[in-house]
Amino acid sequence: MDKEHIPERRGDHDRRASVVDRRLGMDRRRGPGRRLSEERKAAEQGQMSDEQFEFLRAIDEYKRKNTRP
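Numbering (my numbering) for the sequence shown: 101 to 169.
See the structure below:
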C-alpha cells in the first residue's frame, strides 16, 4: 500500500502549541483552597527538618554506593 494514498487523520492543529511551557517560570495558580502546608513552604524556602535532612543524606549515600547520578 502506498503512503501517498493514506488520508491524514491528524488535524492541522498542533495541541502542543497551546500548552504553556512550564519551564518559562510563569506563575501557576493553585486555585481556591489549595494552600501549601507549613512544612512544604519551609522546604521550598530551603529550610529542612532533621528528618528531611537525614533522608537526603541517605539518598546521597545510596547514589554514591550504586553509582547513580
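Just so it is clear, CB atoms sit at the ideal spot from N, CA and C, and this is done for glycine as well.
Every value quoted in this text rests on a predicted model; they were computed, and no experiment measured them.
Beta-carbon contacts of residue i that lie in its chain and below 6 Å, excluding the five residues immediately before and after
i      : result
Tyr162 : none
Arg135 : none
Contact set for residue i: own chain, Cβ-Cβ below 7 Å, skip 5 residues either direction
i      : result
Leu156 : none
Proximal residues to residue i (C-beta, below 8 Å), its chain only, five neighbours per side dropped
i      : result
Met148 : Ala142, Leu156
Arg168 : Tyr162
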